Every structure is written in C-alpha cells, then in structure tokens.
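Data block below; observations after.
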Amino acid sequence: AQSVAQPEDQVNVAEGNPLTVKCTYSVSGNPYLFWYVQYPNRGLQFLLKYITGDNLVKGSYGFEAEFNKSQTSFHLKKPSALVSDSALYFCAVRDTQAAGNKLTFGGGTRVLVKP
Amino acid sequence: NAGVTQTPKFQVLKTGQSMTLQCAQDMNHEYMSWYRQDPGMGLRLIHYSVGAGITDQGEVPNGYNVSRSTTEDFPLRLLSAAPSQTSVYFCASRRQGSHATNEKLFFGSGTQLSVL
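Line by line, the protein sequences give chains Z and W.
Note that my numbering has the first sequence beginning at 466, numbered continuously upward.
Note that my numbering has the second sequence beginning at 68, numbered continuously upward.
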C-alpha cells in the first residue's frame, strides 16, 4: 500500500528566511510525487511534481522539491519565504505499480510566514 | 475558464437526509474524483471515474454513491447523511493516460457539509 507522511503539523518561518516542508513516502514500485497548496477557503492548487529524471524539481511561485530515493523523501523548499506563502501544503504520492489511479495525500502542513 | 465547478458551497443536513453534491468540469477530462478533507487526515479518496459509465471505489466509499453519465459531470450522492460525514468535499479532475503531463489534478473550490 502507498502512504505519505508529513511529520510537521505546522511550520513557522520569518519572511525572507528559507522554508522547508518535509514529506516522506512509502510505495511498492516507483513513485510519482506531488506538492499541492491550499489557500484559505479554496481548493488545492498544483505546485510541482516528480515523475522521472532530475531529482530537483522546480515548480510554481519559486518552490522546488528534491526527490531522494534512498531516504524516500520529497521535501518542499523555498529559498526566501513570503507572507503570501502562508497556506496549507499537501504532499501526495502515486505508486506506478499499483492498480488504479489513486493518489494518496499526506495530512498537510500549515505554513505560517511572519513579517 | 470555469475549470472544476462545485455546488453548493455550503450545506447543512439533518441525520438521515439525502443530498447530491454537484461537480462539473469543462476541460474534457476523462478522470474525475471525489475527496473528503478532515483535519489532520489530509484528503481521502471517496470514489473516482476514468470515463463516462465507469466508476470505482476509493479509500472511504461507504455511505456515498456516484455515477458518470457524461464526461462533464460527476455527482456525489449521500444516501442517508450521518454526523461522521461532516467534512469538506472536493471534486478533482485530470486528463487520463500515461503521459506525465496528465499527472496534475485540478480541484474545485469545495463544499462544506455539516450533518447535525
């Protein structure tokens, strides 16, 4: 079975400082990995994905994530956080060897960027 | 572009009542799905569909029915509402197929449901 863990319920960071949101996963085969962001009272928006190729993936709004197969991690990073980055972030995984098209989400990490 | 449209945005039900959450997309996406979002539990897949006439169960299908008569619409029916179904419900769609560009879900803005 596929699963995702986001070990931090909330991350607090000062504006201008680096931001990291952690994610680890478990799959039987090869993973497709995703980050989505949810702003208040909105649906989720796609940030970035890892399918294959370069381990460092760049996405929207200056975010990037690094796929680390040995550590089964896919941490989301931003070099300099903005107050507008305050939101709920979800990591998700799809096991390419599992039947169906199911995407499993982590529990979410709330990011608070303080001015 | 409308994208994925969900109605209603808010709904309050009494235990035992039934209702249908509507979802429509105008992107000609083959794949559509319903998730529920509960605090600390992320999003859990209820049902999904890979095309008109085809539906399948996700992680938490009990108490919900779906149908897919057209490509555009994917309604979610609560047969007899229970307090445990109090949640925020999201519909999402994407293109079907194995190409990597299809691996991106588009979400509606959600329906906040309270069952008393």
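Every residue, glycine too, gets a C-beta built ideally from N, C-alpha and C.
Every value quoted in this text rests on a predicted model; they were computed, and no experiment measured them.
Residue i classed as buried or exposed, judged by whether at least 16 other C-beta atoms fall within 10 angstroms
| i | result |
| --- | --- |
| Val469 (chain Z) | buried |
| Gly494 (chain Z) | exposed |
| Thr93 (chain W) | For the record, residue 93 (chain W) in the displayed sequence is Asp; it is not Thr. That one is exposed. |
| Gln536 (chain Z) | exposed |
| Tyr504 (chain Z) | exposed |
| Thr82 (chain W) | exposed |
| Pro106 (chain W) | exposed |
| Asp560 (chain Z) | buried |
| Thr178 (chain W) | buried |
| Ser100 (chain W) | buried |
| Ser525 (chain Z) | exposed |
| Leu112 (chain W) | buried |
| Leu521 (chain Z) | exposed |
| Tyr77 (chain W) | The sequence shown places Phe at residue 77 (chain W), rather than the Tyr named in the question. Exposed is the call here. |
Beta-carbon spacing of residue i, residue j below 7 Å
| i | j | result |
| --- | --- | --- |
| Ser147 (chain W) | Val79 (chain W) | no |
| Val548 (chain Z) | Glu480 (chain Z) | yes |
| Cys488 (chain Z) | Gln471 (chain Z) | yes |
| Ala557 (chain Z) | Phe570 (chain Z) | yes |
| Val127 (chain W) | His114 (chain W) | no |
| Glu97 (chain W) | Gln152 (chain W) | no |
| Glu529 (chain Z) | Lys542 (chain Z) | yes |
| Tyr490 (chain Z) | Phe555 (chain Z) | no |
| Arg135 (chain W) | Ala119 (chain W) | yes |
| Arg161 (chain W) | Leu172 (chain W) | yes |
| Gly109 (chain W) | Gly508 (chain Z) | no |
| Leu483 (chain Z) | Pro580 (chain Z) | Here residue 483 (chain Z) is Pro; the residue named in the question, Leu, does not match the sequence. Taking 7 Å as the Cβ cut-off, Pro483 (chain Z) and Pro580 (chain Z) do not qualify as a contacting pair. |
| Leu512 (chain Z) | Ser551 (chain Z) | no |
| Val478 (chain Z) | Ala563 (chain Z) | no |
| Phe49 (chain W) | Tyr102 (chain W) | Residue 49 (chain W) lies beyond the residue range present for chain W, which begins at 68 and ends at 183; the question has no answer from this structure. |
| Thr74 (chain W) | Gln89 (chain W) | yes |
| Gln104 (chain W) | Val155 (chain W) | yes |
| Glu139 (chain W) | Ala69 (chain W) | no |
| Gln467 (chain Z) | Val492 (chain Z) | yes |
One or two residues paired with residue i in a DSSP bridge
| i | result |
| --- | --- |
| Lys543 (chain Z) | Z:Leu484 |
| Gly109 (chain W) | W:Asp105 |
| Ser100 (chain W) | W:Tyr115 and W:Ala159 |
| Pro496 (chain Z) | Z:Asp560 |
| Ser538 (chain Z) | Z:Thr489 and Z:Asn533 |
| Phe511 (chain Z) | Z:Tyr501 |
| Ala552 (chain Z) | Z:Val576 |
| Phe570 (chain Z) | Z:Ala557 |
| Ser154 (chain W) | W:Leu180 |
Limits of the unbroken beta strand (DSSP E) element including residue i
| i | result |
| --- | --- |
| Met86 (chain W) | Met86 to Gln92 |
| Arg144 (chain W) | Leu143 to Leu145 |
| Glu139 (chain W) | No beta strand (DSSP E) contains Glu139 (chain W), which DSSP labels as neither H nor E. |
| Gln73 (chain W) | Val71 to Thr74 |
| Lys579 (chain Z) | Thr574 to Lys579 |
| Glu473 (chain Z) | Glu473 (chain Z) -> no beta strand (DSSP E), and no H or E assigned at all. |
| Asp123 (chain W) | Ile121 to Gln124 |
| Phe77 (chain W) | Phe77 to Leu80 |
| Lys171 (chain W) | It is not in any beta strand (DSSP E) - Lys171 (chain W) carries neither H nor E in the DSSP assignment. |
| Asn132 (chain W) | Tyr131 to Val133 |
| Leu180 (chain W) | Thr178 to Val182 |
| Val522 (chain Z) | Leu521 to Lys523 |
Short CB-CB distance (under 7 Å) between residue i and chain C
| i | result |
| --- | --- |
| Tyr497 (chain Z) | Annotation note: the requested chain C is absent from the structure, which comprises protein chains Z and W. |
### Query
Given a limit of 7 Å on CB to CB distance, which residues of the stretch 129 to 157 of chain W reach chain Z?
Phe157
### Query
Looking at chain W, which residues of the stretch 548 to 559 of chain Z have a Cβ within less than 7 Å of any of its Cβ atoms?
Phe555
### Message
Along the stretch 498 to 511 of chain Z, where does the CB come closer than 8 Å to a CB of chain W? Name the residues.
### Response
Phe499, Tyr501, Asn506, Arg507, Gly508, Leu509, Gln510 and Phe511
#### Entry: Interface residues of the stretch 522 to 552 of chain Z facing chain W [CB-CB below 8 Å]
Cβ proximity to chain W below 8 Å picks out nothing from the stretch 522 to 552 of chain Z.
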